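Residue numbers (the UniProt record's numbering): 1 to 475. We treat Cβ as the ideally placed atom computed from N, Cα and C, and that holds for glycine. As the structure is a prediction and not an experimental result, all values here were calculated from the model. Here's the structure, in structure tokens; my notes come after.
Printed below as a string of structure tokens:
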């Protein structure tokens with residue numbers, strides 16, 4: 001499948017390598033034996049609608065981890081393709097070898113020296129520069145470790161493929177891609193989010209999943225992105241507000257009763273900011289995000305020494321004086337001047353349904369609750385209620401069963417599905433042969449071979465212990 005200016009995936013043994021080229025990208029299929037589908041040739045590729053796409057003479061690249069079978073398969077079918085190794089997987093493979101017995105169980109300090117040397121080699125823009133830098137770094141590593149075993153490993157396994165991971169082999173347009181982690185992240189999402197940890201066993205189910213749930217999920221994400229709901233994070237808003245505050249934009253604000261107008265940096269408009277209720281008129285805030293205008297006013301209020309909590313408490317007293325609230329035994333409802341209302345639950349008097357509280361602010365509604373009944377915050381009214389004698393103990397099971405038996409024989413008895421299910425559960429609990437109910441997820445493990453490995457290790461440990469005991473007896 002070809003797509004203009006994007007990065008595609010090349011599938012192999014359940015893993016992926018990203019593929020990109022100068023103007024188009026290729027998605028092909030590799031069999032478990034490491035062979036690309038025979039219908040694809042080096043000069044002709046079938047498009048999504050069946051037309052032939054000529055690719056000979058156009059440089060395109062494949063991003064992959066160092067799987068030699070996949071590498072040989074791609075070279076045999078696409079001899080003109082440019083192969084690139086994922087930089088993350090290069091560092092991961094080197095680090096894993098260094099901590100093993102073959103690598104000498106190097107300490108973190110020793111591993112850092114090797115990794116920094118690899119990073120210096122990768123930055124080389126020419127092959128001649130790489131040869132000079134690699135020789136220098138290998139000499140430094142040998143001197144630091146006192147042994148050439150690490151540099152021998154690097155020369156044998158990585159320097160021969162230097163063109164695949166060093167920058168001098170990437171001096172062409174390849175979408176600035178250095179890793180295939182995005183493709184692997186997609187497969188991880190597919191396994192544990194869409195497949196819920198269950199091993200997929202049928203191709204038709206996988207196709208239905210890809211064309212159904214996966215496409216639907218990403219269509220929602222695209223819609224949220226187009227609506228602007230995924231464009232600005234809270235950290236970005238804080239950085240933008242800090243930049244405005246540093247440039248002195250807040251000094252010119254006329255803040256009165258917790259409200260002011262903040263001029264827009266892109267248009268000739270001004271947005272009204274209400275710090276008491278923590279609202280703003282900008283588009284980003286209306287989409288549910290915290291905006292830089294609110295954060296800027298909050299910073300400026302702190303700089304001027306204005307006590308915003310005192311102002312919110314004053315507003316709460318006004319609401320109580322105008323009776324703009326309604327309270328029941330369980331909750332307090334506050335009616336705001338803009339026509340909205342907020343609800344505070346007495347059991348959790350620090351949480352409210354208003355916008356300000358959703359952003360972690362101590363809102364006006366919380367102040368109203370504290371002024372009305374501050375003792376509700378410290379104690380639960382049910383704790384002080386008188387306890388009757390009947391509440392000291394539950395009614396015995398025998399009496400409840402007797403009541404049920406008499407009721408079942410009376411004319412008032414009525415059969416309902418809910419009653420049947422409840423009695424059935426009680427019957428199974430009393431006469432069932434099981435002793436406990438397991439809540440373990442009944443899934444097919446993704447890596448079932450680990451049980452065999454664990455069993456083999458245990459058997460090996462038993463044999464080793466037996467041999468050690470025999471040696472001890474002989475001595």
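Through-space distance from residue j to residue i, alpha-carbon basis
| i | j | result |
| --- | --- | --- |
| residue 344 | residue 334 | 8 Å |
| residue 324 | residue 301 | 27 Å |
| residue 449 | residue 426 | 40 Å |
| residue 298 | residue 278 | 9 Å |
| residue 388 | residue 275 | Here residue 388 scores only 43 on pLDDT, less than 50, and its place in the model is too uncertain to base an answer on. |
| residue 146 | residue 155 | 17 Å |
| residue 70 | residue 77 | 11 Å |
| residue 454 | residue 460 | 10 Å |
| residue 328 | residue 211 | 50 Å |
| residue 475 | residue 468 | 11 Å |
| residue 464 | residue 106 | 27 Å |
| residue 186 | residue 143 | 43 Å |
| residue 197 | residue 191 | 6 Å |
| residue 96 | residue 182 | 21 Å |
| residue 174 | residue 81 | 12 Å |
| residue 437 | residue 429 | Legend: pLDDT at residue 437 = 49, less than 50; position of this residue unreliable, no value from coordinates given. |
| residue 357 | residue 322 | 22 Å |
| residue 470 | residue 458 | 19 Å |
| residue 263 | residue 282 | 10 Å |
| residue 398 | residue 419 | 18 Å |
| residue 203 | residue 189 | 18 Å |
| residue 352 | residue 91 | 48 Å |
| residue 462 | residue 472 | 15 Å |
| residue 74 | residue 184 | 19 Å |
| residue 124 | residue 157 | 18 Å |
| residue 134 | residue 83 | 21 Å |
| residue 251 | residue 336 | 30 Å |
| residue 409 | residue 402 | 11 Å |
| residue 137 | residue 98 | 16 Å |
| residue 359 | residue 290 | 8 Å |
| residue 253 | residue 340 | 27 Å |
The alpha helix (DSSP H) enclosing residue i, as first and last residue numbers
| i | result |
| --- | --- |
| residue 157 | 149–157 |
| residue 120 | 108–122 |
| residue 318 | 308–321 |
| residue 365 | 364–372 |
| residue 399 | 397–409 |
| residue 340 | Careful: residue 340 lies outside any alpha helix (DSSP H) and carries neither H nor E. |
| residue 79 | Element bounds for residue 79: n/a, residue is neither H nor E. |
| residue 271 | It is not in any alpha helix (DSSP H) - residue 271 instead sits in the beta strand (DSSP E) that spans 270–274. |
| residue 326 | Note, residue 326: premise wrong, no alpha helix (DSSP H); beta strand (DSSP E) at 325–327. |
| residue 185 | 181–189 |
| residue 459 | 449–474 |
| residue 299 | 292–304 |
| residue 417 | 417–431 |
| residue 198 | First-last for residue 198: undefined, no H or E at that position. |
| residue 94 | 87–99 |
| residue 286 | 283–286 |
Member of the options whose CA lies at the smallest distance from the CA of residue i
| i | options | result |
| --- | --- | --- |
| residue 510 | 144, 244 and 214 | Lying outside 1 to 475, the shown extent of the chain, residue 510 is not represented and no answer is given. |
| residue 308 | 364, 349 and 336 | 364 |
| residue 495 | 330, 139 and 160 | Residue 495 is absent from the structure shown; the chain starts at 1 and stops at 475. |
| residue 255 | 352, 219 and 304 | 304 |
| residue 311 | 360, 368, 338 and 283 | 368 |
| residue 257 | 315, 284, 294 and 470 | 315 |
| residue 140 | 112, 123, 157 and 158 | 112 |
| residue 287 | 92, 223, 341 and 247 | 223 |
| residue 214 | 195, 204, 199 and 203 | 195 |
| residue 295 | 207, 401 and 238 | 238 |
| residue 372 | 326, 405, 414 and 412 | 326 |
| residue 400 | 411, 414 and 423 | 423 |
| residue 338 | 347, 355 and 348 | 355 |
| residue 261 | 246, 466 and 280 | 280 |
| residue 348 | 340, 341, 370 and 416 | 370 |
| residue 193 | 218, 171 and 170 | 218 |
Presumed contact (8 Å Cβ cut-off) between residue i and residue j, rounded CB distance
| i | j | result |
| --- | --- | --- |
| residue 292 | residue 240 | 4 Å |
| residue 332 | residue 350 | The Cβ separation is near 13 Å, so there is no contact. |
Continuous beta strand (DSSP E) stretch holding residue i: start and end
| i | result |
| --- | --- |
| residue 260 | 259–263 |
| residue 61 | 60–64 |
Under 8 Å: do the stretch 102–111 and the stretch 124–138 share three or more Cβ pairs, one atom per stretch?
Contact fails: fewer than three Cβ-Cβ distances are below 8 Å.
Does the stretch 116–123 come close enough to the stretch 62–73 that 3 or more CB-CB pairs lie under 8 Å?
In the pairwise beta carbon analysis, the stretch 62–73 is classified as not touching the stretch 116–123: fewer than three pairs are separated by under 8 Å.
Below 8 Å, can you find three or more Cβ-Cβ pairs linking the stretch 164–172 to the stretch 81–99?
yes
Contact between the stretch 146–160 and the stretch 173–184 (3+ Cβ pairs under 8 Å)
no
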